[in-house]
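Trainee: One structure coming up, written as structure tokens, with questions to follow.
Protein chains: 4
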Amino acid sequence: MLEELKKRVYEANLLLPKYDLVKFTWGNVSEIDEDSKIVAIKPSGVDYDKLKVDDIVLVNLDGEIVEGDKKPSSDTKTHLEIYKKFPEVKGIVHTHSPYATSWAQAGIDIPCFGTTHADYIYGDVPVLRNLTQEEIDDDYEKNTGLLIVDYMKDKEFTKTPAVLLKNHGSFVWGKDCFDAVHNSVVLEEVAKMATFTILINPNAEKTPKRVQDKHYYRKHGKNAYYGQ
Amino acid sequence: MLEELKKRVYEANLLLPKYDLVKFTWGNVSEIDEDSKIVAIKPSGVDYDKLKVDDIVLVNLDGEIVEGDKKPSSDTKTHLEIYKKFPEVKGIVHTHSPYATSWAQAGIDIPCFGTTHADYIYGDVPVLRNLTQEEIDDDYEKNTGLLIVDYMKDKEFTKTPAVLLKNHGSFVWGKDCFDAVHNSVVLEEVAKMATFTILINPNAEKTPKRVQDKHYYRKHGKNAYYGQ
Amino acid sequence: MLEELKKRVYEANLLLPKYDLVKFTWGNVSEIDEDSKIVAIKPSGVDYDKLKVDDIVLVNLDGEIVEGDKKPSSDTKTHLEIYKKFPEVKGIVHTHSPYATSWAQAGIDIPCFGTTHADYIYGDVPVLRNLTQEEIDDDYEKNTGLLIVDYMKDKEFTKTPAVLLKNHGSFVWGKDCFDAVHNSVVLEEVAKMATFTILINPNAEKTPKRVQDKHYYRKHGKNAYYGQ
Amino acid sequence: MLEELKKRVYEANLLLPKYDLVKFTWGNVSEIDEDSKIVAIKPSGVDYDKLKVDDIVLVNLDGEIVEGDKKPSSDTKTHLEIYKKFPEVKGIVHTHSPYATSWAQAGIDIPCFGTTHADYIYGDVPVLRNLTQEEIDDDYEKNTGLLIVDYMKDKEFTKTPAVLLKNHGSFVWGKDCFDAVHNSVVLEEVAKMATFTILINPNAEKTPKRVQDKHYYRKHGKNAYYGQ
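Chains as they are written, first to last, in the numbering used here: chain G, 9 to 236; chain A, 9 to 236; chain D, 9 to 236; chain H, 9 to 236.
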């Protein structure tokens with residue numbers, strides 16, 4: 009069932025090493041089928057160069073395996089909480105990509121230093137807090153999802169397609185799994201340039217709001233005129 | 009018409025990902041035909057690995073499409089303002105290459121720290137200001153071009169082949185589209201080394217003017233003796 | 009004899025340039041045969057692209073060559089001291105990988121800044137001291153091994169799979185030679201992100217112990233649930 | 009004539025882009041024939057991917073072209089001064105490799121921070137001063153060579169195989185052209201790690217002399233025991 013979905017998620021997962029976002033098994037991509045609410049996700053701890061389409065696991069929103077003989081990603085519950093709350097989010101990516109993860113480890117929101125950032129992400133990329141002992145003991149991965157959902161609850165998912173988790177890595181989403189991977193590449197490039205920016209000028213100023221608005225809305229919304 | 013021009017611009021655009029100056033669709037190269045004053049430019053938002061020669065758009069200096077079924081780059085008007093003012097400029101490149109963009113984001117002119125820089129660029133690479141709200145509302149891309157033209161008006165384009173735009177990226181030019189790409193690679197390499205230089209020594213001194221002169225004029229002008 | 013062991017060690021050595029952990033001949037991998045206590049190790053000063061399976065040298069725990077017509081790695085005695093003391097360690101890697109070596113040169117333990125680190129290494133990665141003149145004159149490579157062994161004596165080798173040597177490089181181990189290479193890649197990636205982390209925030213905080221514990225034990229020990 | 013010499017120098021030049029030491033035409037390798045005192049060197053301003061064996065130029069120690077229809081490297085006179093003064097130097101490399109050049113631009117000698125450095129270079133890598141106006145006007149390239157020769161006059165070329173030129177780049181030598189390229193790769197790697205080292209710890213300490221001595225003499229001289 010859902011062979012097309014599995015194939016898409018397989019291909020999107022292979023983009024993570026292609027874009028240098030992961031080493032070994034560190035990362036995962038999922039996508040949800042709009043009608044059946046079935047989620048296809050990478051199996052846990054399988055190397056990308058050994059991954060096969062049939063290794064992709066199908067789970068329902070309760071986290072039950074619907075198809076596949078592998079265990080799904082250990083981060084599956086985090087993905088599910090986001091899908092449950094935001095029906096418009098169709099694809100999710102988790103990585104430890106080095107520059108974005110370094111901002112997460114530094115515990116500092118990535119400032120919107122330029123139009124590369126403003127073209128895709130509206131405002132700074134936030135670092136969400138570590139979980140408490142209670143949240144970890146209760147259900148680490150589910151509570152990670154709830155933390156993200158809580159932050160996102162009053163925001164538009166297209167304007168805020170990425171968050172950082174303190175001392176951990178990033179979760180990034182989009183209108184499908186390939187869009188989520190695209191946003192992950194954007195996040196890493198933006199994080200890299202932000203690192204160099206503060207190295208060059210520790211007091212660098214954020215992009216003026218008028219320029220952020222111009223660039224974001226040049227690419228998004230009813231007045232967009234970028235692209236074909 | 010102008011098939012040779014389109015082919016050149018197509019090939020010059022493909023050099024941007026080859027030299028790691030762009031990700032996805034972030035960048036564009038154009039060249040102007042001296043006789044007809046027709047400009048060939050990359051179409052807006054098309055991935056480099058899907059780009060075809062026939063996707064290259066031909067526009068006149070008023071920005072009207074002369075040939076092609078795609079929309080030209082959203083930055084076309086910026087290119088046109090430069091071509092209109094400086095007839096000797098024949099090729100223009102815009103990228104968000106990471107190190108050069110980081111200096112643009114930092115808002116600091118790239119100092120001439122060495123002969124790699126002095127060989128191709130005479131003096132520092134300037135960061136031009138953000139546009140005002142009025143300029144953005146009026147015509148963002150055209151006014152970006154006018155800002156560049158205003159800065160360049162009392163300079164030789166061969167000595168100042170590149171500017172940075174605050175919180176944005178670079179515009180670079182040359183005697184044809186390949187020369188403009190070459191100067192873009194120089195700019196990125198120079199920006200990278202300037203970043204490391206101030207990391208090593210925050211008080212690093214610029215190249216003495218006598219050495220800048222020696223290197224620039226060893227490669228340019230009537231007494232040049234570098235090359236064949 | 010032990011053809012399979014030599015082939016494994018040959019292949020593990022070739023992973024060092026593949027993962028950009030070494031230049032030229034700078035590094036070596038070994039593995040010990042559990043039954044015979046014979047160690048297979050890279051020959052000294054042989055380039056990876058000229059290395060052949062039959063160049064791999066077999067030595068016993070006294071350092072005597074058992075098979076092979078090449079001299080073993082000059083670091084052989086360091087490997088042997090670790091194998092002699094920790095029978096569960098089956099593979100060892102030495103490299104000068106650039107980020108890890110830079111922390112060794114800086115003389116600062118790599119803090120556990122995130123879950124990428126905590127997933128594989130429990131606590132900070134220590135920098136061990138330079139040897140004294142007496143230790144160098146006596147037996148540099150053997151005493152390097154003894155220094156490592158002394159540090160490790162009250163620790164679990166799986167929780168502390170890597171050490172840095174002041175002004176030198178890293179020694180990393182694992183349950184076989186491929187596991188040791190895997191841990192070397194982890195160390196380099198962790199060292200890279202720690203470098204960027206302190207660049208972004210010189211006062212970055214370590215991962216809270218509760219999160220380190222969660223991640224380490226999610227992957228290791230009887231309650232592990234990561235992977236297949 | 010000297011076909012073998014030209015072929016060696018051709019191949020050594022191609023190693024510069026292979027090891028990421030140069031962009032475009034920025035660098036050159038030469039080697040001297042011991043008997044005839046003829047020097048083979050890269051032609052000026054020729055791209056590495058278009059370079060052919062027959063483009064390699066042969067010059068005598070007076071700088072006169074002995075064979076070849078191209079102009080030799082504009083840095084030829086610098087090479088010749090070194091060959092004239094140090095008969096044991098047989099190969100020379102000049103590059104603007106990014107990390108080494110950044111130390112040259114920063115104007116700070118590269119400290120011996122570790123054994124990677126001490127294995128090949130005895131002590132710090134010096135930054136030599138800019139030339140004066142008089143020296144530039146007289147003969148820039150020749151006086152650059154004389155500056156290097158003056159610094160080297162009381163040193164062993166094998167212990168000091170590299171210098172940096174302020175605001176410029178590096179000159180590196182060896183017992184033949186391939187050895188000189190090898191030392192250039194070492195210099196760039198050492199410069200990279202030194203950059204990261206001071207980023208991590210601005211007060212990092214140099215390698216103790218006893219460890220520098222141990223590593224240098226483990227690889228060089230009559231008591232060397234590294235390699236086959």
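Backbone N, C-alpha and C fix where the C-beta goes; we use that ideal spot for every residue, glycine too.
Note that this is a predicted model, so its numbers are computed, not measured.
Residue 98 of chain G and residue 12 of chain G look like a contact to me (Cβ under 8 angstroms); what is the Cβ gap, rounded to whole Å?
Mentor: Not a contact, Cβ separation roughly 13 angstroms.
Trainee: Within 8 angstroms, do at least three Cβ pairs link the stretch 209-218 of chain A to the stretch 226-234 of chain A?
Mentor: Judged by Cβ distances under 8 angstroms, the stretch 226-234 of chain A makes no contact with the stretch 209-218 of chain A, as fewer than three pairs qualify.
Trainee: From residue 162 of chain G to residue 169 of chain G, what distance separates their C-alpha atoms?
Mentor: Distance between the alpha carbons of residue 162 of chain G and residue 169 of chain G is about 13 angstroms.
Trainee: Under DSSP, the alpha helix (DSSP H) around residue 153 of chain A begins and ends at which residues?
Mentor: Per DSSP, residue 153 of chain A belongs to the alpha helix (DSSP H) from 141-160.
Trainee: Considering only residues of the stretch 17-102 of chain H, which uninterrupted alpha helix (DSSP H) runs meet the minimum length of 4 residues and lie entirely inside it, listed in chain order?
Mentor: For the stretch 17-102 of chain H, whole alpha helix (DSSP H) runs of length 4 or above, ordered along the chain, are 84-93.
Trainee: Is the CB-CB distance between residue 208 of chain G and residue 126 of chain A below 8 angstroms?
Mentor: Cβ distance not < 8 angstroms, so residue 208 of chain G and residue 126 of chain A don't count as in contact.
Trainee: What is the DSSP secondary structure of residue 195 of chain H, counted as helix, strand or coil?
Mentor: Reduced to three states, the DSSP call for residue 195 of chain H is helix.
Trainee: Run the CB neighbour count on residue 44 of chain D, radius 10 Å, all protein chains shown included, and call it buried at 16 or more, exposed below.
Mentor: Classification for residue 44 of chain D: exposed.
Trainee: I need the straight-line Cα distance from residue 70 of chain D to residue 88 of chain D, nearest angstrom please.
Mentor: One C-alpha to the other measures close to 8 angstroms.
Trainee: Measuring alpha carbon to alpha carbon, tell me which of H/223, H/14 and H/9 ends up nearest residue 131 of chain H.
Mentor: Ranking the options by Cα distance to residue 131 of chain H, first place goes to H/223.
Trainee: Can you name the start and end residues of the alpha helix (DSSP H) that residue 133 of chain H belongs to?
Mentor: Careful: residue 133 of chain H lies outside any alpha helix (DSSP H) and carries neither H nor E.
Trainee: Tell me, please, whether the CB atom of residue 38 of chain D is closer than 8 angstroms to any CB atom in chain H?
Mentor: Not closer than 8 angstroms to any Cβ of chain H, the Cβ of residue 38 of chain D fails to qualify, so no.
Trainee: When DSSP labels each residue in this structure, what does residue 212 of chain H get in the three-state scheme?
Mentor: Looking at residue 212 of chain H - three-state DSSP - the assignment turns out to be coil, as it is neither helix nor strand.
Trainee: Please tell me whether residue 193 of chain A and residue 31 of chain H are closer than 8 angstroms, where the distance is taken between their beta carbons.
Mentor: Going by C-beta atoms, residue 193 of chain A is nearer than 8 angstroms to residue 31 of chain H.
Trainee: Can you tell me whether residue 118 of chain H is helix, strand or coil according to DSSP?
Mentor: In this structure, residue 118 of chain H counts as strand in the three-state DSSP scheme.
Trainee: Beta-carbon separation of residue 72 of chain A and residue 165 of chain A under 8 angstroms?
Mentor: Going by C-beta atoms, residue 72 of chain A is not nearer than 8 angstroms to residue 165 of chain A.
Trainee: Using a Cβ-Cβ distance cut-off of 8 angstroms, determine whether residue 66 of chain D contacts chain H.
Mentor: With 8 angstroms as the cut-off, residue 66 of chain D does not count as an interface residue toward chain H.
Trainee: If contact means a Cβ-Cβ distance below 8 angstroms, which residues of the stretch 219-230 of chain G contact chain A?
Mentor: Correct list: 219, 222 and 226.
Trainee: For the beta strand (DSSP E) containing residue 170 of chain H, name the first residue and the last one.
Mentor: Run containing residue 170 of chain H: 170-173, per the beta strand (DSSP E) assignment.
Trainee: Would you verify that the beta carbon of residue 172 of chain G is, or is not, closer than 8 angstroms to some beta carbon of chain D?
Mentor: Answer no: the Cβ-Cβ gap between residue 172 of chain G and chain D never drops below 8 angstroms.
Trainee: Going by beta carbon distance, what residues of the same chain come within less than 6 angstroms of residue 202 of chain G, once the five residues before and after it are set aside?
Mentor: If we look at residue 202 of chain G and ignore the five residues flanking it on each side, its Cβ neighbours are 118 and 121.
Trainee: Using 8 angstroms as the cut-off, can you tell me whether the stretch 47-65 of chain H makes contact with the stretch 140-149 of chain A, which would need three or more C-beta pairs spanning the two stretches below that distance?
Mentor: Contact between the stretch 47-65 of chain H and the stretch 140-149 of chain A is absent, because fewer than three Cβ pairs lie under 8 angstroms.
Trainee: Please report the residue range of the beta strand (DSSP E) in which residue 182 of chain D lies.
Mentor: From DSSP, the beta strand (DSSP E) with residue 182 of chain D extends over 177-182.
Trainee: Which bits of chain H does residue 116 of chain D rub up against, with CB to CB less than 8 angstroms?
Mentor: By Cβ distance, chain H contributes 208 and 209.
Trainee: Take the Cβ of residue 160 of chain G as the centre, count every other Cβ of all protein chains shown within 10 Å, and call the residue buried at 16 or more, exposed below.
Mentor: Buried.
Trainee: Under a three-way DSSP split, which group does residue 207 of chain G fall into?
Mentor: Residue 207 of chain G falls in the helix class under three-state DSSP.
Trainee: From which residue to which residue does the alpha helix (DSSP H) around residue 221 of chain A run?
Mentor: Looking at the DSSP string, the run of the alpha helix (DSSP H) that includes residue 221 of chain A is 217-227.
Trainee: Could you give the residue range of the alpha helix (DSSP H) that holds residue 232 of chain D?
Mentor: Segment: none, residue 232 of chain D is in no alpha helix (DSSP H) and carries neither H nor E.
Trainee: Using 10 angstroms around the beta-carbon of residue 152 of chain D, count the other beta-carbons present and answer buried if the total reaches 16, otherwise exposed.
Mentor: So residue 152 of chain D ends up on the buried side.
Trainee: Quick one, which of A/15, A/9 and A/20 has its alpha-carbon nearest residue 188 of chain A's?
Mentor: Of A/15, A/9 and A/20, the residue nearest in Cα terms is A/20.
Trainee: Would you tell me roughly how many angstroms separate the C-alpha atoms of residue 85 of chain G and residue 191 of chain D, rounded to the nearest one?
Mentor: Computed Cα separation, rounded: 28 angstroms.
Trainee: Give the straight-line distance between the Cα atoms of residue 155 of chain G and residue 136 of chain G, rounded to the nearest whole angstrom.
Mentor: Cα to Cα, residue 155 of chain G sits roughly 8 angstroms from residue 136 of chain G.
Trainee: Could you give the distance in angstroms between the alpha-carbon of residue 15 of chain H and the alpha-carbon of residue 186 of chain H?
Mentor: Using only the alpha carbons, I get a separation of about 12 angstroms.
Trainee: Quick one: what does DSSP say residue 187 of chain A is sitting in, helix, strand or coil?
Mentor: Correct three-state label for residue 187 of chain A: helix.
Trainee: Is residue 128 of chain A helix, strand or coil by DSSP?
Mentor: Three-state DSSP puts residue 128 of chain A in coil, outside helix and strand.
Trainee: Check the Cβ of residue 19 of chain A against every Cβ in chain H and list those closer than 7 angstroms, keeping chain order.
Mentor: Near residue 19 of chain A there are no residues of chain H at all, since even the closest Cβ is about 15 angstroms away, more than 7 angstroms.
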